[in-house]
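Right under this line is the structure:
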């Protein structure tokens, strides 16, 4: 959420930012915010004047009663009551205007970084860099679920019977591989100086509204019926929510945290043939990175965060590339975002395995996360998040890039301690 004063003083800039994000349908919100804010301030001023009048009238009543002027005092009481009614009406109007301003402000997107490329959707994202040499073997690579089935490692049919489409059973070596990758990611991030955290897997609606836009919430979040609780779509939600309504000591910044959690998503929309299996699912697990820092440090942390993901995948010898997300592909709260994509030798192209985002102070404003400096001055923190690894999607890249001609799967050296020393997975079917 932007600063209301900033919108008031820079309406053209805010509208230009909307146009860069191809959100022309929201342009009217800027004028509505400015108009309703002006009405709100005028209403507040009038209410304050009436409160002052009522205060003076109350003093007058006491004076008249002390002088024995009962009839005049009663008339003054009636006048005071009328003023009270006017104040009540204005208070109601204040609430309505304040809510209108808040709702419109929540829908106005964050100002994108000047370096963000302008484009309508993810087809116009810009490649930044490639890491590792993409290889296409001279043998055919099966679809990822077929590789898993050959290892007796997945049961989608049973999952459909139990929970419906978009769920899975991982079994045996594949399940162990899934856990090994997460354990390795945890230790990888701890070695990089991040504090390991296991957060709540449910959050209240005020936290949901603080960490994401309404459109994102509708397309992602599962609501717990009868309770003010939502299942998290990523641990970023509860990790940033941890700081709600807090004033942080500047000397404690930055907070560099890595969190594990299951994630739950509706995943609405069309799913193509490459998104079946365990690519686009309702339940998965993830190792995340979260940073809460001073505004002047967020750009540097942004680069550090996605570099961590690149380095993680390269230790597993998986080729990756980074993509700068264009303006139209940025969610409303994001100032800048870079996707990390892994090489798929079967598809002969890269596919998304993680996303890094700098939200500047957008989440902090919504959640009232402030920092107090050594002089006592308060300001809003900057928040960032990034995926370290999110299996089972990451398993697709891992299995395809480590598959051998005989159907076996090599285990990279860094993962072997988490796999009981195993160096290779061999087909069972």
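Residue numbers (the numbering used here): 5 to 433. For each residue, glycine too, the CB sits at the ideal point set by N, CA and C.
I'd like the span of the beta strand (DSSP E) that includes residue i, first residue to last.
i	result
residue 27	It is not in any beta strand (DSSP E) - residue 27 carries neither H nor E in the DSSP assignment.
residue 6	That residue, residue 6, is in no beta strand (DSSP E); it is neither H nor E in DSSP.
residue 130	130 to 135
residue 253	251 to 253
residue 201	199 to 201
residue 412	Careful: residue 412 lies outside any beta strand (DSSP E) and carries neither H nor E.
residue 119	Premise fails: residue 119 is in no beta strand (DSSP E) and is neither H nor E.
residue 262	259 to 268
Does the Cβ of residue i have 16 or more other Cβ atoms within 10 Å, making it buried, or fewer, making it exposed?
i	result
residue 124	exposed
residue 229	exposed
residue 80	buried
residue 139	exposed
residue 18	buried
residue 350	buried
residue 132	exposed
residue 342	buried
residue 319	exposed
residue 82	exposed
residue 338	buried
residue 291	buried
residue 225	buried
residue 365	buried
residue 67	exposed
residue 313	buried
residue 340	buried
My assumption, with CB atoms under 8 angstroms, is that residue i sits in contact with residue j. Please give the rounded CB distance.
i	j	result
residue 281	residue 26	Not a contact, Cβ separation roughly 32 angstroms.
residue 413	residue 399	In fact, because the Cβ distance is near 10 angstroms, the residues do not count as touching under 8 angstroms.
residue 47	residue 98	5 angstroms
residue 293	residue 389	7 angstroms
residue 409	residue 143	5 angstroms
residue 317	residue 346	6 angstroms
residue 375	residue 385	5 angstroms
Starting from residue i and walking both ways along the alpha helix (DSSP H), at which residues does that stretch end?
i	result
residue 84	74 to 111
residue 403	397 to 406
residue 218	218 to 224
residue 242	239 to 245
residue 209	209 to 215
Using a Cβ-Cβ cut-off of 6 angstroms (strictly less than) and excluding sequence neighbours within five positions of residue i, which residues of its own chain qualify?
i	result
residue 194	200
residue 202	264
residue 244	215, 367, 387
I'd like the list of long-range same chain contacts for residue i, defined as Cβ closer than 8 angstroms, with 5 residues on each side in sequence excluded.
i	result
residue 330	120, 121, 122, 123, 124, 125, 126, 128, 129, 130
residue 8	37, 41, 105, 109
residue 377	254, 383
With a threshold of 7 angstroms on Cβ separation, who are the neighbours of residue i within its own chain once the five nearest residues in sequence on each side are excluded?
i	result
residue 87	54, 57, 58, 61
residue 221	212
Would you list, in sequence order, the uninterrupted beta strand (DSSP E) runs of no fewer than 3 residues that lie entirely inside the stretch 356 to 391? 374 to 376, 382 to 384
Just to confirm the assignment: which complete beta strand (DSSP E) runs, minimum length 3, are found wholly within the stretch 295 to 341? 324 to 328
What runs of the alpha helix (DSSP H), each 4 residues or longer, lie entirely inside the stretch 132 to 196? 148 to 154, 160 to 167, 176 to 195
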